[in-house]
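Participant: The structure follows.
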Amino acid sequence: MNNTEKFLIDVLRCFVTGTETKLNTEGVNPHQLLSLSKQHSVAGVVAYMLSKQNVFWDKETEKLFLKEYERTLMQMLSRESSANKLCDKLTKMEIPHILFKGMTVSEAYPVAALRTYGDVDIIVKKEDVPAIRKFMAEDGFEHSLTDEGVVNAFKRGRERYEIHTALNMSNLRVAEFFTEIWENAVLRQSKTYVFNHNFHLSYLICHLEKHVYGSGAGVRMYLDIALYLKKFAQELDLDFVRNTLDHCGLGEFLNTVLYLCNKWFDAEIPAWVVPMDDKLYSDMCDFVFSGGVFGEQTIDDILRDDLRREMASGKKGAKFRYILHRVFPSAHELCRMFPKFEGKPLLLPCAWLCHVGRVIFTGKISNMGKIIKTDADVSQAKKEFLERIGSRR
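First residue of the sequence shown: 649, per the numbering used here; consecutive thereafter.
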């Protein structure tokens, strides 16, 4: 980590622990810090802590950071208010619903409104979706299907909701545990539910791994876990979480996450967590800081990762298989890309034609040439790194 990255971790550690350790700004560029904070969606938290300790370089940077703090508060308070109105609407319609991810994770933050989130994630029962789609359309929301058809996405201006009917845990070897959604829901009030903390933490770790294996995950997702561990320490059974994730194939990844939460944020962790060696820890820091909160990528990064995922079936012939699978996706992949064809096997040729058309008209066909030139050794090295931190397929 460079000086700016180390300073960011120091600031976030103070936020998690609530300590008054004086922050040392020597050798830290405030503009680089602000840019890095924005990339990882923690600018509001950083501004809050700098203000709390009155640690600013000059009046100009103080103004820039406080602007981010105010913007974060206004945006998230507005988002929470809108989400509460939707929950009230669902309650009046006698529709049970579960809040999870960002909106509930924010409750673990010392200042809830500093936890940013774009979509508000809500789980409902499948039979209630038509009624929800009807009244959301009447309220002016645009609708689309995502995530293999299990998510109904609604958008109106800056308001975005993802209404789930199931948890897509396709990244897991064994996912039965996460089908027990309502069995692990706890009533909060009337028709509004949240997950019990062991289930939710298990899910958050799996969701983090999904991002890590895909395009990457930034500091904020680890900050979430550290704050969750602290806030709900008395209600969490980490041995239960460990057994659950071991069964799902993510036991090693859980170890990685808990170790980082301790190393970066002083989170209390079980004795069974195995420390990383120095080389792996250094590589992990580089990986986390290499992109934004969800791993910002160039087209070359995306192609290398596509090739790396293809290598799960073996390095030899991976480029040929990649191109073949892009031209002739599986039925499962076609339905993921075009959810409207889900459950309609006779129409899959139409889905394939839609896919070909999209590739041609969006210019993605040129990627076939780029993938041939992609350095397979780079993809292989990334694959081996992910396997070492417990993220594999």
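Ideal Cβ placement from N, Cα and C applies to all residues, glycine included.
These numbers come from a predicted model, not from an experiment.
Which residue comes first and which comes last in the beta strand (DSSP E) that contains A874?
Facilitator: It is not in any beta strand (DSSP E) - A874 instead sits in the alpha helix (DSSP H) that spans V867 to K879.
Participant: Looking at F802 and H791, is the spacing between their C-beta atoms short of 8 Å?
Facilitator: Contact: yes.
Participant: Looking only at its chain, what residues have a beta carbon closer than 7 Å to the beta carbon of R1036, apart from the 5 residues adjacent to it on each side?
Facilitator: The answer, listed in chain order, is L928.
Participant: Assuming Y861 contacts S1039 under a Cβ cut-off of 8 Å, what Cβ separation, rounded to an integer in Å, is found between them?
Facilitator: So it is a contact: roughly 5 Å between Cβ atoms.
Participant: Within 10 Å of its beta-carbon, does A999 have 16 or more other beta-carbons around it, so buried, or fewer, so exposed?
Facilitator: It is buried - the Cβ of A999 has at least 16 other Cβ atoms within 10 Å.
Participant: DSSP three-state call for E668: helix, strand or coil?
Facilitator: Coil.
Participant: Of all the options Q1028, M784, L820 and A915, which has the alpha carbon lying nearest to the alpha carbon of Y876?
Facilitator: It is A915.
Participant: Return the Cβ separation of L898 and I853 in integer angstroms, given the expectation that the two are a contact with Cβ distance under 8 Å.
Facilitator: That belief holds up - the Cβ atoms of L898 and I853 are roughly 7 Å apart, short of 8 Å.
Participant: Please report how far the alpha carbon of A648 lies from the alpha carbon of V1004, in whole angstroms.
Facilitator: Only positions 649 to 1041 of the chain appear in this structure, which leaves residue 648 out of reach.
Participant: When you compare the stretch 886 to 897 with the stretch 806 to 826, are there three or more beta-carbon pairs, one atom per stretch, that lie closer than 8 Å?
Facilitator: Touching, yes, given that three or more Cβ pairs across the two stretches are closer than 8 Å.
Participant: What distance in whole Å lies between the Cβ atoms of D872 and V753, which are believed to be in contact at a cut-off of 8 Å?
Facilitator: Confirmed, about 5 Å.
Participant: Considering just the uninterrupted stretch of the beta strand (DSSP E) at D833, what are its terminal residues?
Facilitator: For clarity, residue 833 is Ala in the given sequence; the question names Asp instead. Where A833 is concerned, the enclosing beta strand (DSSP E) stretches over A833 to Q837.
Participant: Mind checking T669: buried by the 16 CB within 10 Å criterion, or exposed?
Facilitator: Result: exposed.
Participant: Indicate the three-state DSSP secondary structure (helix, strand or coil) for F843 in the structure shown.
Facilitator: Strand.
Participant: Taking 8 Å as the threshold (C-beta atoms), are E653 and L684 in contact?
Facilitator: Cβ distance < 8 Å, so L684 and E653 count as in contact.
Participant: Near E807, what residues of its chain come up, given a Cβ to Cβ distance below 6 Å and the 5 sequence neighbours on each side ignored?
Facilitator: S730, listed in sequence order.
Participant: Is it right to say H848 is buried, meaning 16 or more other beta carbons lie within 10 angstroms of its own, or is it exposed?
Facilitator: That one is buried.
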